[in-house]
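Shown next, in structure tokens, is the structure this report addresses.
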Amino acid sequence: MNSAPLLYGIGLGPGDPDYMTVKARRLLEEADLLVHFCKAGERGHARRIADAVLGPDPARERALVYPLTTELPPDHPGYRSCLAGFYEESAEALAAELAQGRRIGLLCEGDPFFYGSFMHLWRRLAHRFPTEVVPAVTGMSAAWTHAGAPITWGDDVLTVLPGTLSAEDLTRRLKATDAAVIMKLGRHLPKVRRALRAAGLEERAIYAERVSMAEEQVMPLAAKADDGAPYFSMIIVPGEGRRP
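764 is the number of the first residue of the sequence shown in our numbering; add one for each residue after it.
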């Protein structure tokens, strides 16, 4: 058992294990307990990324199972209270382990501080226990790289938007930026299409799904015939700024 408890938020990148940092790989092997978020009945995506480094290790693993995912919209009164209770319970369960001096690696797809569930535990635990966050390649940087589309030129301003915003907010913010990334598509794709069209950006938009995973799809948004979009999808709009 280690002498000092420590919580790590380990960013594992968007999916391809080759995008993991050397530090992330080392901590996967050294942590006393590996924790990952998941849906009921499924292995967490972050844990699947780690498969390239680690085989099954039940003695070291703990799954934090979301009580809900898409069953309620985020603005539903019960959504926030349900998840708040889940994060409180999860934080206290990990606190009990940390208090015993165990080093915990919480596995995070993408970067832990970019729309990550880890942040909710970090907020509850970082002031109580020594904590370190290991940054990682984000899904959006992998998306513009795999699309062969430099995202910002010269003085371009990049705006990152959640697709959960209203069509009006999306349109307003898209009109005010040079380049954009729109995350959290899912069922919001039709609304996002309308906002891009209203902002005059639909022709520049690129759709990216499961980037760096085996099922990757990257194409102009105009070439996507349907409105189906999984959780791991996004739209990027490259800037067209100064190019000496």
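The beta-carbon is built from N, C-alpha and C at its ideal position, and this holds for glycine as well.
- Burial check for His890: the Cβ neighbour count within 10 Å stays below 16, so the residue is exposed.
- Taking 8 Å as the cut-off, the beta carbon of Thr915 is found no closer than this to the beta carbon of Gly873.
- Under a 10 Å Cβ-count criterion, Gly807 is classified as buried, with 16 or more other Cβ atoms of the shown protein chains found around its own Cβ.
- Straight-line spacing of the CA atoms in Leu817 and Gly848 works out to 31 Å.
- Straight-line spacing of the CA atoms in Arg973 and Gly778 works out to 8 Å.
- Contact between Val923 and Val944 holds, with the beta-carbon distance rounding to 5 Å and staying under 8 Å.
- In this structure Ala822 is not in contact with Leu775, their Cβ atoms being roughly 21 Å apart against a cut-off of 8 Å.
- The residue from Tyr850, Ala986, Ser844 with its alpha-carbon nearest to that of Ala968 is Ala986.
- Taking every protein chain shown into account, the CB of Val955 has 16 or more other CB atoms within 10 angstroms, so this residue is buried.
- Excluding sequence positions up to five before and after Tyr878, its CB lies within less than 8 Å of the CB of Pro925, Met946, Lys947, all in the same chain and listed in chain order.
- Looking only at Thr940, Asp932, Gln980, Glu979, the smallest Cα-Cα distance to Ala958 is reached by Asp932.
- Remark: C-beta atoms of Val897 and Lys786 approach each other more closely than 8 Å.
- Burial check for Pro893: the Cβ neighbour count within 10 Å stays below 16, so the residue is exposed.
- Looking at Leu790, Met982, Ala826, Ser880, the one whose alpha-carbon comes closest to that of Glu966 is Met982.
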